[in-house]
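These notes are about the structure you will find just below.
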Amino acid sequence: MPRRQNTAAQRAREVQRETGAKYTTALREATEDTIRTGTFSLQELLAECATLPQWTGVHPEVDEEWAPKMFDSALLGGPVPYSAVLRLAGDLAVKGMSAEMWLESRAAFSSLVVVCGVHRFELLLTQSAWAYELCHVPGCGSLPLSARSIPYCGESEHLAERSEAELVRMAPAGERPA
Ligand SMILES: [Zn+2]
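Written out as structure tokens, the structure reads:
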């Protein structure tokens, strides 16, 4: 590649990084103050997803060609991929449109955690359609041993700290003591 093109591409990337960094800083400052303590319903979140226009900013962590299509969510504290919200909605659909949830945390443009009842879901903001359930302990970023039957991670003693009664409830029905 000719040297001049290289420089132009480099400059473009620097500008992108700078703009992105500024946006990320602004977002971080804004979300620290405004992370909602209130709840919202699955219906409200889907309404945002279905009606808000595509966010046109520059993703600070992913090159433009790889960046997911996003909308600027008021409920989730900034831009989020449409597909991640739809994936989350799929996981929560069984609870109904009035299922209440809240934003536990948001790390700028990399990920966020939404809580619905005892369930906690991490949405990745750097790729499409990534939403998966986390360990049930608030603040824990690990995956559960089994999202379906053992909703706690094996790290940080989160499973070991459960009461005997809770461990029995988690055990598969066929293996429950008589
Ligand atoms: Zn855990």
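With the first letter of the sequence shown counted as 1, position 163 gets the number 162 in numbering that gives the first Met the number 0; the numbers rise by one all the way through. The beta carbon of each residue, even a glycine, is placed where N, CA and C say it ideally should be.
Query raised in the report: Excluding sequence positions up to five away, which residues of its chain have a Cβ less than 6 Å from the Cβ of glutamate 154?
Result: Answer for glutamate 154: Ser141, listed in chain order.
Query raised in the report: At what residues does the alpha helix (DSSP H) containing arginine 168 begin and finish?
Result: Taken as a continuous stretch (DSSP letters only), the alpha helix (DSSP H) holding arginine 168 covers 163-169.
Report task. Taking only the alpha-carbon atoms, compute the straight-line gap between glycine 77 and arginine 168 and give it to the nearest angstrom. Result -> If I take the Cα positions, the gap works out to 38 Å.
Requested in this report: Return the residue from the list Leu111, Ser97 and Gly56 that minimises the CA-CA distance to glutamate 103.
Outcome: Leu111
**Report entry** alanine 107 classed as buried or exposed, judged by whether at least 16 other C-beta atoms fall within 10 angstroms
**Finding:** Alanine 107 comes out buried.
Requested in this report: Indicate whether serine 97 and glutamine 53 have their beta-carbon atoms separated by less than 8 Å.
Outcome: no
Query - Helix, strand or coil at cysteine 115 [DSSP, three-state] - result: strand
Requested in this report: With hydrogens ignored, establish whether the beta-carbon of serine 162 is closer than 7 Å to any heavy atom of ligand 1.
Outcome: When distances are taken from the beta-carbon of serine 162 to the heavy atoms of ligand 1, even the shortest one reaches 7 Å or more.
Query raised in the report: Is serine 104 near ligand 1, with its Cβ less than 7 Å from a heavy atom?
Result: no
Report task. Compute the distance between the beta-carbons of threonine 38 and methionine 100, then report whether it is under 8 Å. Result -> yes
Query raised in the report: Under the rule that 16 or more other beta-carbon atoms within 10 Å means buried, what is threonine 33, buried or exposed?
Result: Reliability of the predicted coordinates at threonine 33 is poor, the pLDDT of 46 falling under 50, and the value obtained from them is presented with this limitation in mind. Counting Cβ neighbours within 10 Å, threonine 33 comes out exposed, since fewer than 16 surround it.
**Report entry** Residues sharing a beta bridge with phenylalanine 70, DSSP
**Finding:** For phenylalanine 70, which the question treats as bridged, DSSP gives the partners Gln53 and Val79.
Query - Neighbour-count burial assignment, glutamate 64, 16 or more Cβ in a 10 Å radius - result: exposed
Query - Outcome for arginine 105 when other beta-carbon atoms lying within 10 angstroms are tallied against a minimum of 16 - result: buried
Query raised in the report: Which residue's Cα is closest to the Cα of valine 57: Val79, Ala46, Ser40 and Leu75?
Result: With distances taken between Cα atoms, valine 57 lies closest to Val79.
Query - Contact under 8 Å by Cβ, leucine 123 with alanine 73 - result: no
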